[in-house]
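Student: I am attaching a structure below and will ask some questions about it afterwards.
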Amino acid sequence: MEQEKASLAGTIVAWLAAFVMFFPILWMVITAFKTEEQAIAIPPLLIFHPVLSSFGAALAQSGYIHFAENSVIVSLCSTALAVLIAFPAAYAMAFQPGKRTQDLLVWMLSTKMLPPVGVLVPIYLIFRDTDLLDTRTSLVIVDALINLPIVVWMLFSFFRDIPRDILEAAHMDGVGPRGQMIHLLLPLAAPGIASAALLAIILSWNEAFWSINLTAAHAGTLATFIARYSAPEGLFWAKLSAASVLAVAPILIFGSLAQRRMVRGLTVGAVK
Amino acid sequence: MARLELRKVGKTFNNFEAVKSVDLTIEDREFVVFVGPSGCGKTTLLRMIAGLEDITSGDLYIDGERANAVPPDKRGLAMVFQSYALYPHMTVARNMGFALKMAGVPKAEVEEKVRAAARILQLEPLLDRRPRMLSGGQRQRVAIGRAIVRNPKGFLFDEPLSNLDAALRVQMRIELVKLHQDLAVTMIYVTHDQVEAMTMADRIVVLNQGHIEQVGTPLELYHQPANLFVAGFIGSPKMNFFPSRAVAVGRGDATLELSPNHALSFPVPSGMSPGALAPGASVTLGLRPEHLFLANDGPLSGQVDVVEHLGVETLAYIKAVNGEMITVRADDLSPVAAGDRVSIALHPGRGSLFDAGGKAIFHLSPA
Ligand SMILES: Nc1ncnc2c1ncn2[C@@H]1O[C@H](COP(=O)(O)OP(=O)(O)O)[C@@H](O)[C@H]1O
Ligand SMILES: [Mg+2]
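Sequences listed follow chains B and F, in order. The first sequence begins at 328 in the working numbering and counts up one residue at a time. The second sequence begins at 28 in the working numbering and counts up one residue at a time.
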């Protein structure tokens, strides 16, 4: 009896916490279906007739399609680039480790602790001088580099689950490092590579700091889209909410579709 | 053809000497077994021969050519791993044909060779399965098949049967010996199990702490162990050791004192060089269980602790008066029972004597 009460209380607390965390997103979605007058009404309206006019306005005014296209291209290309670099790097670290491999891995992850704003100026200058400001190329490079440590780490741990004997057998069979990567690691670590790639796509899609600072109208992603949207248009809550919903919806849908695959990839080894 | 010659081959892993200056020649078509306790360097030695581990010092010659720097796939040797190391995502057929495919052999030829190897190993019905769907014994066969397909001049096995159950192990042992006869190639087989070594080998190499203790045929090792280590390692149940002191050495026999006031007379071969056994020397008397028998009045005695009836023979584990355990091999009809007080006699002309350093002084052999 006591226990049941305690677990009931725990359930309520958990639901409350989840609701508090989820509330802003919920409120954003609700607001997106209001008119501008309803959106700023005080006290806030909970019961209203939902309209799609804000979505229409957001889509019409601001070139949503263009930004969405940039988001898709940047996240896919940066992920491909990151995986391409991380794959051989993780192979070397997992199967030909040197004395400092462990240190290197830790150091790589520690770069994630550096505040991005600390390197904003140098990076901005590099891209300015190479004429890459406001290009998708600049974002692809930056996003790939940002995600590289995580992708290397994930691939590294997947590779480590692959028995060494298998690669040695291949070595005896006359298959060199390249052949081992293509014929053994790629298929064996495919679930791991997929989860690493999915995570990189999501992180890259959500990346806002660099896209806001390095791009403008031409190469901006959906993160830029929202940031730009709020400023010149004034505070139009309903339209802003609709725009935000449009920005996060694709990745939310993508994420929920990929969720099962990612969780599986993150929790079970590649071969067993 | 694969004749292997190891000259002072050594391996050091950051300051730890795993293999120490091994000299060994393995003749073409020989079945050689490396045996020794776990951690003695068997795998390391085998991996150096395979080319998976660099040789720190010394030279390896394969068919007369120095092979230290030859990459593993160019040595003409195939290896079968303890874990089988099958490619989990490939079918049995693809596992077996992978090396040839990578070497650019035409598809039809690969298929033919795979089928031929599958026939030898009775793997034909399994060719489309993945390793996951095979039993341990079948996986082992596939691993061997993968080696056969490459048509190597030598096979290297690292404890290939240790993951199988006892019955399957016996069966695979016989199959491997048959395979060796059929293929007529050199085989090097690593195991920690002296029974496997005794049953399969043409010659056995006994390793201990990175060096060779003795090389010889199974019966040589059994009857003429070079030292206490080999004497204790080869043979099951183990040889009985009696630390003693030679109190008197005569022409035809010596008096050994096993403990104060307990001496026995032990024959000495006439060919023994004078001085090999000096009066007063500490020695170890080595007697295999079949060198002893239960008698009415033997020089040894004790109380039977455990009796094992194996059908063909009966093993009696006897606690001697001084607390040491003595194993005696009695015949199948022996009425001995646990708790009996028994007296033990020595079969004349059997047994070995080792010096204080553990080296054999002489072995008696029945006339
Ligand atoms: N890669 C390695 N690094 C360091 N020590 C090793 C390595 N491989 C083996 N050893 C050591 O060398 C010794 C011999 O190992 P191994 O050849 O595997 O023995 P065995 O196969 O006879 O059991 C062991 O003490 C082991 O710990
Ligand atoms: Mg081993």
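Note that CB positions come from ideal geometry on N, CA and C, so glycine has one too.
1. Check V132 of chain F in the structure and name its three-state DSSP category.
2. Given this structure, state the Cα-to-Cα distance separating G596 of chain B from A527 of chain B, to the nearest angstrom.
3. Out of F:L342, F:L291, F:G366, F:L188, point me to the one whose CA is closest to D359 of chain F's CA.
4. Would you say H510 of chain B reaches chain F, if we count a Cβ-Cβ gap shorter than 9 Å as a contact?
5. Could you confirm whether any beta carbon from chain F is found closer than 9 Å to the beta carbon of A421 of chain B?
6. Using the three-state DSSP reduction, which class does N24 of chain F fall into: helix, strand or coil?
7. Within 9 Å (strictly less), CB to CB, does P514 of chain B reach chain A?
8. Quick check: what's the CA-CA separation for L183 of chain F versus L73 of chain F?
9. Between B:A417, B:G425, B:F394, which lies nearest to I520 of chain B when the distance is taken from Cα to Cα?
10. Determine whether the beta carbon atoms of L312 of chain F and L319 of chain F lie at a separation below 9 Å.
11. Rounding to the nearest angstrom, what Cα-Cα distance links N540 of chain B and Y111 of chain F in this structure?
12. How many angstroms separate the CA atom of V212 of chain F from the CA atom of G181 of chain F?
13. In chain F, which residues lie with their C-beta within 9 Å of the C-beta of S492 of chain B?
14. Does the distance from the CB of G501 of chain B to the CB of K101 of chain F come in under 9 Å?
15. Any chance you could list the alpha helix (DSSP H) runs of at least 4 consecutive residues sitting entirely within the stretch 148-190 of chain F, in chain order?
16. Report yes if the C-beta of E186 of chain F is less than 8 Å from at least one heavy atom of ligand 2; otherwise report no.
17. Which chain B residues sit within Cβ distance under 7 Å of M129 of chain F?
18. What do you reckon, is the C-beta of V107 of chain F under 8 Å from a heavy atom of ligand 1?
19. Got a sec? Which residues, its chain only, sit under 6 Å from N235 of chain F by beta carbon, not counting five neighbours each side?
20. Reducing DSSP to helix, strand and coil, say where Q423 of chain B ends up.
21. Check whether the Cβ atoms of L248 of chain F and L314 of chain F lie closer than 9 Å to each other.
22. Using 8 Å as the cut-off, classify the Cβ of G68 of chain F as near or not near the heavy atoms of ligand 1, replying yes or no.
23. Would you call the stretch 531-551 of chain B and the stretch 446-465 of chain B touching, i.e. three or more CB-CB distances under 8 Å?
24. Is S398 of chain B near ligand 2, judged by its Cβ being under 8 Å from some heavy atom?
25. Using beta-carbon positions only, say whether P296 of chain F and F389 of chain F come within less than 9 Å of one another.
26. For ligand 2, is there a heavy atom less than 8 Å away from the beta-carbon of V60 of chain F?
27. To the nearest angstrom, report how far apart P375 of chain F and L391 of chain F are at their CA atoms.
28. Let me know if H498 of chain B comes out buried or exposed under the rule of 16 or more other beta-carbons within 10 Å of its beta-carbon.
29. Using DSSP's beta-bridge definition, name the partner residues of T213 of chain F.
30. Measuring only between beta-carbons, confirm whether F43 of chain F sits less than 9 Å from chain B.
31. Using a 10 Å radius around the Cβ and a threshold of 16 neighbouring Cβ atoms, would you call A585 of chain B buried or exposed?
32. Tell me whether A517 of chain B sits in a helix, a strand or coil according to DSSP, three-state version.
Tutor: Let me spell this out:
1. Residue state, collapsed to three classes: coil.
2. Any reading at G596 of chain B needs caution, since the residue's pLDDT is 42, under 50, leaving its predicted position unreliable; the model's value is listed next. If you take the alpha carbons of G596 of chain B and A527 of chain B, they lie about 19 Å apart.
3. F:L342
4. yes
5. no
6. For residue 24 of chain F there is no data in the structure shown, the boundaries of chain F being 28 and 394.
7. No chain A appears in this structure, whose protein chains are B and F.
8. 7 Å
9. Ranking the options by Cα distance to I520 of chain B, first place goes to B:A417.
10. no
11. Between N540 of chain B and Y111 of chain F, the C-alpha separation is close to 54 Å.
12. 6 Å
13. The displayed chain sequence assigns Asp, not Ser, to residue 492 of chain B. Per Cβ cutoff of 9 Å: F108, Q109, S110, Y111, A112.
14. yes
15. 163-176
16. yes
17. Within chain B, the residues near M129 of chain F are D500, G501, V502, G506.
18. Between ligand 1 and the CB of V107 of chain F, the shortest heavy atom gap is not smaller than 8 Å.
19. G63, C67, F256
20. coil
21. No; because the gap between Cβ atoms is not below 9 Å, this pair is not in contact.
22. yes
23. yes
24. no
25. yes
26. no
27. 9 Å
28. buried
29. F:G181, per the DSSP bridge assignment.
30. no
31. Buried: at least 16 other Cβ atoms inside 10 Å.
32. helix
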